[in-house]
Every structure is written in C-alpha cells, then in structure tokens.
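The numbering of the sequence shown is this note's numbering, which starts it at 707 and goes up by one. Glycine included, each C-beta is placed from N, C-alpha and C at the ideal position. Predicted model, so just to flag it, every value in this text is computed and none were measured. A short worksheet on the structure shown next.
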Amino acid sequence: MAFFSDMKILYHMLVKPVRGSSHAERLESFYGGQAQSYDDFRKRLLKGREELWERLPRPQDGVWVDMGGGTGANIENFGDSIDLLKKIYLVDLSASLLKVAADRFEKRGWTNAVPTEADATKFRPEEGQADVVTFSYSLTMIPDWFAAIDNAVAMLRPGGYLGVVDFYISRKFPESGLKKHGTFCRGLWPNWFATDNVFPSPDHLPYLRRQLETVYLGEHMTRLPYVPFIKTPYYIFVGQKPAV
Ligand SMILES: C[S@@+](CC[C@H](N)C(=O)[O-])C[C@H]1O[C@@H](n2cnc3c(N)ncnc32)[C@H](O)[C@@H]1O
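Take a look at the structure:
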C-alpha cells in the first residue's frame with residue numbers, strides 16, 4: 707500500500723542512521739533498504755526530471771551517460787526514442803539501485819542501456835566521448851561535485867550537451883539574471899537535506915555556467931511530500947560544450 711511504502715521511505719530518510727566508512731558504503735547504507743520502493747516516492751519528490759529529458763537531444767547512434775542514475779527511472783523518459791541511441795550508461799555506486807535498473811532494462815528489452823557500477827567523478831565511456839551527460843538529483847549527493855562536472859565536461863564531444871536537474875539555493879548575491887533566495891530559505895534547506903547526505907549548494911549552478919554555454923535554465927520552487935507551507939528550490943540546466 708502507498709501509505710506503508712511512504713512510511714518505509716520516510717524511515718530511511720529521516721530516522722535510520724547512515725553508516726559506512728566510504729562514500730559508496732554510505733550510499734548503500736542509505737539506499738539498500740529502500741531500493742524497491744524508491745521510484746514511487748521520488749516521483750513526487752524529484753521534480754523536473756521529465757522536462758530535463760524533453761529538453762535534451764537524442765543523437766542518432768549517440769552515447770548518453772546518466773551519472774548517479776539510480777534505478778533507471780529516467781530511462782523511461784526516452785520512450786521509443788531510446789532506440790536512436792547506441793549506448794546509455796547508467797552510472798551509480800549503489801549496487802541495490804543498479805539491480806533495480808538492471809531488472810527494468812531486462813524486462814523492457816533495452817539492450818543498449820547498461821547499468822554500470824562506477825564513480826561519477828572517474829567514469830569514462832568505452833567509446834571515449836559522450837554526446838549527452840545527465841545528472842538528475844545526483845550532483846547534490848556527490849562530495850566531489852566539481853570533479854564530477856569536470857569529468858563530464860571532459861568526456862563530452864565538442865557541441866555535446868550536459869543536463870542537470872537538482873535542488874539548490876542561490877548565492878546571497880547571485881549574478882544578474884539569476885533568482886535570489888531569502889535568508890530563511892538559504893539557511894533551511896542545506897541543513898534539512900544534510901541528514902541524508904544531500905547538499906544543495908549555491909555554487910553548482912555558477913560552476914556549470916562557467917564551464918558550458920547555457921542553452922536553457924529554469925529556476926523553480928516545489929513542495930516536498932508531507933511538508934506543508936514551505937517550498938524548496940530546484941533548477942533545470944542544459945549546457946553545451948563549445949565546439950572547437
Ligand atoms: C537522489 S538519487 C537520484 C537517482 C536518479 N538520478 C533519479 O533521478 O531518480 C542520487 C543518486 O546518485 C548516486 N551517487 C551519489 N554519488 C555518486 C557518485 N560519486 N558516483 C555515482 N553515483 C553517485 C546515488 O547512489 C543515487 O543513486
């Protein structure tokens with residue numbers, strides 16, 4: 707039942723301590739007990755994922771790398787266009803979530819989608835270059851997020867696209883044209899999410915905009931399940947690596 711499934715997820719998010727001496731162990735400690743119920747709750751928690759997918763191209767015979775891809779729920783967003791792509795690497799460090807992704811791909815007959823246990827800061831596709839790299843609510847969970855962005859930009863072919871959707875907060879004094887969040891918002895959300903080792907940052911978006919040409923940026927607010935009155939900020943960013 708949906709209610710009991712939600713309670714199980716909330717237990718893992720709010721009560722159960724996250725243990726482990728490495729980043730991978732901590733991720734598995736957090737996700738291991740909730741992998742099978744992950745998708746339903748995250749559909750209501752993680753907004754903007756479908757829109758990000760709609761805004762990205764599906765290059766014929768292209769290579770797409772989804773960093774921190776989890777259960778592969780976003781791969782459903784390709785619809786029939788999944789057949790256009792040569793390879794989709796779903797990169798993650800949580801074996802439990804990758805198992806859900808592997809079962810999904812097998813059931814769907816998506817032989818070009820490959821669950822890959824690897825660190826987003828280091829993974830490179832065997833083709834050498836990628837046409838599209840995505841981070842869907844994963845940058846905030848990657849401690850070396852700047853290394854993950856550097857790695858993604860390095861593997862993109864010139865003219866390739868990087869797509870990101872995630873929670874964030876603005877800087878106190880954002881660049882002109884970017885949204886500004888109040889003191890309460892900037893103080894609340896980093897502390898709120900830190901319990902789950904999720905770190906909304908004022909610096910992800912400015913760093914992405916330094917590395918890539920901005921093709922699209924949407925800055926939004928959304929409600930969290932079971933949290934009344936207040937909203938949390940998230941953004942959708944599509945950037946293009948300059949052609950040399
Ligand atoms: C909030 S989940 C999002 C999953 C999925 N992208 C989605 O939109 O449903 C964040 C994911 O990032 C993964 N992750 C965190 N750090 C990582 C790293 N360094 N390398 C690869 N994956 C990582 C986690 O295991 C988790 O699956």
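Skipping 5 residues on each side, what residues in its chain have a beta carbon closer than 7 Å to that of V839? For V839, same chain residues with a beta-carbon under 7 Å away, outside a window of 5 residues either side, are V771, M773, A858, M861, L862 and L868 in chain order.
Compute the Euclidean distance between the alpha carbons of V964 and P849, then round it to the nearest angstrom. Past the edges of the chain, shown from 707 to 950, lies residue 964, and the structure says nothing about it.
Go to L804, then tell me how far its beta strand (DSSP E) extends in each direction, as first and last residue. Going by DSSP, L804 is part of no beta strand (DSSP E) but of the alpha helix (DSSP H) stretching over A801 to R814.
Does the beta-carbon of S800, which I'm using as the reference point, lie nearer than 7 Å to any heavy atom of ligand 1? Between ligand 1 and S800, a heavy atom-to-CB distance of less than 7 Å is present.
Limits of the beta strand (DSSP E) - the one that P896 falls within: Where P896 is concerned, there is no enclosing beta strand (DSSP E), although the alpha helix (DSSP H) it sits in stretches over T889 to A900.
Measure the Cβ-Cβ separation of R748 and A779 and say whether it is below 8 Å. A Cβ-Cβ contact shorter than 8 Å links R748 with A779.
Let me check you understand the geometry: is the CB of M861 closer than 7 Å to at least one non-hydrogen atom of ligand 1? Short note on M861: C-beta not closer than 7 Å to any heavy atom of ligand 1.
Where K793 sits in the DSSP three-state scheme: DSSP places K793 in strand when its eight states are reduced to three.
Please confirm whether any heavy atom of ligand 1 lies closer than 7 Å to the CB of Y941. The nearest non-hydrogen atom of ligand 1 is 7 Å or more from the C-beta of Y941.
Are K826 and A808 closer than 8 Å when you measure CB to CB? The sequence shown places Ala at residue 826, not Lys. Not closer than 8 Å, so no.
Excluding sequence positions up to five away, which residues of its chain have a Cβ less than 6 Å from the Cβ of H718? Excluding positions up to five away in sequence, the list reads G739 and Q740.
The alpha helix (DSSP H) enclosing Y843, as first and last residue numbers: Run containing Y843: none; DSSP gives neither H nor E here.
So, at 6 Å on beta carbons, what are the nonlocal neighbours of N783 in its own chain, with the 5 sequence-adjacent residues on each side left out? E756 and W759.
Below 8 Å between beta carbons: does that hold for N841 and V797? First, the residue type needs correcting, since residue 841 is Phe and not Asn in the sequence shown. With contacts defined as CB atoms closer than 8 Å, F841 and V797 fail to qualify as a contacting pair.
Which runs of the beta strand (DSSP E) spanning at least 3 residues fall entirely within the stretch 861 to 889, listed in chain order? 862 to 873, all fully within the stretch 861 to 889.
Closer than 7 Å by C-beta to D767: which residues in its own chain qualify, once you throw out the five before and the five after it? Chain order, please. Once the five neighbours on either side are set aside, the close Cβ partners of D767 are K792.
CB of E823 within 8 Å of CB of L804, strictly: Against a cut-off of 8 Å, the Cβ pair of L804 and E823 comes out as a contact.
Inter-residue spacing [alpha-carbon to alpha-carbon] between P908 and R892: Distance between P908 and R892, taken at the CA atoms: about 9 Å.
The alpha helix (DSSP H) with L923 in it runs from where to where? Counting along the chain, L923 falls outside any alpha helix (DSSP H), though it belongs to the beta strand (DSSP E) covering E919 to T928.
F905 and E817 - do their beta-carbons sit closer together than 8 Å? Reading off the sequence shown, one finds Thr at residue 817, where the question assumed Glu. Not in contact: T817 and F905 (Cβ atoms no closer than 8 Å).
Using the Cα positions of G924 and E812, report the straight-line distance between them to the nearest angstrom. In a straight line, the C-alpha of G924 is about 34 Å away from that of E812.
Could you tell me how far apart the beta carbons of Y913 and I942 are, in whole angstroms, since I believe they sit closer than 8 Å? Not a contact, Cβ separation roughly 16 Å.
So the alpha helix (DSSP H) I942 belongs to, where does it begin and stop? That residue, I942, is in no alpha helix (DSSP H); its beta strand (DSSP E) goes T938 to Q946.
T777: buried (16+ other C-beta within 10 angstroms of its C-beta) or exposed? That one is buried.
Within 7 Å: the Cβ of T827 and any heavy atom of ligand 1? It does: the Cβ of T827 is within 7 Å (strictly closer) of some heavy atom of ligand 1.
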